[in-house]
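Data block below; observations after.
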Amino acid sequence: MLAWCARGRLLVALSAAAFLNRVVEDPCSVVCWRPSAHKAGRITNDVSTLVANASVGAGAAAEESYEVHFLIGRHGLSCTNVVEKWVHKWDAGRGRILDPFLAGAGESGSRESGERVEAWLSEKGFTLDAVLASELLRAQETALLTYSRYFEQEGTLYVMPYVREDASGPSNSAKEQADQVADLAKVAPGGFHMNYEWVHLLPQTKPNWPEFLKVMERGFLPDLLRRLGKQPRDRIVIALATHSLFMRDSEVGKECKSLFGPVGDEGKPQNNQVVHLEYKLRAAARSEHDGGDVTPNWKLFRSMGTTCEEVAHGSSTKPCPTCEVRADLCLGDIGQHCFGPIKDYAWGQGWLWGRTVEREIVELAKTLAGYIEKKSQLTLEVTAVARRRELEGSLHRLHMLVNTM
Numbered sequence: 039m040l041a042w043c044a045r046g047r048l049l050v051a052l053s054a055a056a057f058l059n060r061v062v063e064d065p066c067s068v069v070c071w072r073p074s075a076h077k078a079g080r081i082t083n084d085v086s087t088l089v090a091n092a093s094v095g096a097g098a099a100a101e102e103s104y105e106v107h108f109l110i111g112r113h114g115l116s117c118t119n120v121v122e123k124w125v126h127k128w129d130a131g132r133g134r135i136l137d138p139f140l141a142g143a144g145e146s147g148s149r150e151s152g153e154r155v156e157a158w159l160s161e162k163g164f165t166l167d168a169v170l171a172s173e174l175l176r177a178q179e180t181a182l183l184t185y186s187r188y189f190e191q192e193g194t195l196y197v198m199p200y201v202r203e204d205a206s207g208p209s210n211s212a213k214e215q216a217d218q219v220a221d222l223a224k225v226a227p228g229g230f231h232m233n234y235e236w237v238h239l240l241p242q243t244k245p246n247w248p249e250f251l252k253v254m255e256r257g258f259l260p261d262l263l264r265r266l267g268k269q270p271r272d273r274i275v276i277a278l279a280t281h282s283l284f285m286r287d288s289e290v291g292k293e294c295k296s297l298f299g300p301v302g303d304e305g306k307p308q309n310n311q312v313v314h315l316e317y318k319l320r321a322a323a324r325s326e327h328d329g330g331d332v333t334p335n336w337k338l339f340r341s342m343g344t345t346c347e348e349v350a351h352g353s354s355t356k357p358c359p360t361c362e363v364r365a366d367l368c369l370g371d372i373g374q375h376c377f378g379p380i381k382d383y384a385w386g387q388g389w390l391w392g393r394t395v396e397r398e399i400v401e402l403a404k405t406l407a408g409y410i411e412k413k414s415q416l417t418l419e420v421t422a423v424a425r426r427r428e429l430e431g432s433l434h435r436l437h438m439l440v441n442t443m
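Take 39 as the starting number for the sequence shown in my numbering and just add one per residue.
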C-alpha cells in the first residue's frame, strides 16, 4: 500500500472511478498524500467532472443512467392508404405510386395528433429532444406535421435505419434524397432540416427493433447526450414516426397490442396513433481488468414496472368501431398531392371518385337541376294556360258586349 501511496501523483492517469474506490478502501492514500486545500479542491472538482462526464466525454468507467422516453407513432393516411381503404386492398395499382405523400386526411390527422401529443408532453412536463422518422416520405411528412412546434425552432429530422415498412414495391421505396426534401418543402413548415447520416451509414436495412435500439444505444443517444449537455439521471424524449407493420410485429406490438386495432384491422395501430414506451440508457462501469479499454459500454433496456401508454388515439377511417362501411370521403381528404398519382396508377380511380361526398353533391345537383328544369317547363305551361284562359275570358266579354248592342 505504501508503494501505491508513493505513486499518488500518478493518479491523474487512473480513471476517476478507480481512484475513488482506492480512496475508500485504503485510508493510507489520505494519510500519505496531502495536497494543499487549494489543490484538494481543484482535484476534487476534476474528479467530479470526470465521474459526471465519464462516458459522455472520454468513455470513462463510472456508471450512469438516463430515462429514455420513446413516442412511437404510425404515419398518417397516405395516397396508397386512400386507395386501399376506399377502393380495395387488392387494387395493386396503388403499389406503383413511388414513395407517396400523405393524403389530405393524413395531413390533418397528423396535426390533430400533434395537438394531443403537445398536451401529453405538457402534462408530463416533458420536452422533445429529437424527432426521428423512417426513410419513407409518408413517415417524414408525418413527423414534420405532428411535431411542428419542434421544427419551428429549426429542429432537425433524423432519418433512421431499421424502422421502415416491411414491404416491397415502389410505394415502399424511398425517392432520392433531394427529391424527398423538395417534396417535404411543399407541405411542411419552414425552417426544418433533414439529416440522412444514419441511413447513409446503414443503407438498405430491414425493419428490426433490436437493431434500431443498438443504433440508438451505441451511436445516436451518446452523441445526443454530448450535444445537449445532458447529465446522469436526466430525461431524454425521442419521437419516432414509423409504420404499422413495424409497430405491430416488433417489441412495440408485444407491449402495446391491447391499444391497437381489432383483428378485423389486422391488429395494426391506427394512422397517427402514438404510444409511449420508457427505457433506461445505462453506461455500465468498466472493470479494472479492462486495462486501457475506455470504450463506452452503453445498454438500452425497458424500464421495469412501466407499461405501454397511449398518447394519441389516431384517426379511424370508419365512423364507428363496428362499422363495415368507411366514413364519408371528401376530395380534400384525398388531397392535391394524391390526385395525380392515383389517377396515373390506381385501377379503381373511378370508383374512388364515386365514393366521395362531392360525387354525391354533383348527383344531387343534377337531380335538382332536373327539378328546376321541370319547374320552368311547368311554369311555362301554367303561364300558357293562364294566357289562354285570359284570352278566352276576353273573347267571352267581347261576345257579351256584341250581344247587348
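Each residue gets a CB set at the ideal place from its N, CA and C atoms; glycine is no exception. Please read these numbers as outputs of a predicted model, since none were measured by experiment.
Which residue marks the beginning of the beta strand (DSSP E) containing A232, and which one marks its end?
Here residue 232 is Met; the residue named in the question, Ala, does not match the sequence. Looking at the DSSP string, the run of the beta strand (DSSP E) that includes M232 is 231 to 233.
Alpha carbon to alpha carbon, what distance is there between M254 and A98?
For A98, the pLDDT reaches just 38, beneath the cut-off of 50, and the residue's location in the model is therefore unreliable, although a value from the coordinates is still provided. So the alpha carbons of these two residues sit roughly 19 Å apart.
What separation, rounded to the nearest whole angstrom, lies between the Cα atoms of G95 and Y188?
Here the model assigns G95 a pLDDT of 42, short of 50, so the residue's position is not dependable, and the following value carries that caveat. Taking the straight line from one Cα to the other gives about 27 Å.
Helix or strand or just coil, what does DSSP make of V440?
helix
Could you check how far apart the C-beta atoms of L390 and V125 are, in whole angstroms? I think they sit under 8 Å.
Right, their Cβ atoms sit about 5 Å apart.
Just how far apart, CA to CA, sit A321 and L140?
39 Å
For Y196, which three-state DSSP category applies?
strand
Going by CA-CA distance only, name the one from T355, E348, Y104 that's closest to A365.
The candidate whose alpha carbon is nearest that of A365 is T355.
Output needed for W385: all residues of its chain with C-beta closer than 6 Å, excluding positions within five of it in sequence on either side, in chain order.
D129, G131
I'd like the list of long-range same chain contacts for M285, defined as Cβ closer than 7 Å, with 5 residues on each side in sequence excluded.
Same-chain partners within the cutoff: I110, R112, G291, P307.
Distance, Cα to Cα, L263 vs V395?
50 Å
Given this structure, state the Cα-to-Cα distance separating I274 from Y104, to the nearest angstrom.
7 Å
Expressed to the nearest angstrom, what Euclidean distance is found between the alpha-carbon atoms of L182 and Q415?
Distance between the alpha carbons of L182 and Q415 is about 57 Å.
Is N310 buried or exposed, if buried means 16 or more other CB atoms sit within 10 Å of its CB?
buried
Run through DSSP, which three-state label would T280 get?
Three-state DSSP puts T280 in a strand.
Helix or strand or just coil, what does DSSP make of Y409?
helix
Would you say the beta carbon of A157 is closer than 7 Å to some non-hydrogen atom of the ligand FAD?
Within the structure as shown, the ligand FAD is missing, as the structure has no ligands at all.
I need the DSSP call for R427, collapsed to helix, strand or coil.
Residue state, collapsed to three classes: helix.
From the DSSP output, in three-state form, read off N246 for me.
coil
Can E348 and V225 be called in contact, C-beta distance under 8 Å?
Taking 8 Å as the cut-off, the Cβ atoms of E348 and V225 do not count as close.
Suppose you measure from the CA of L445 to the CA of S186; what does that come to, to the nearest Å?
Residue 445 falls outside the range modelled here, since the chain spans only 39 to 443, and no answer is possible.
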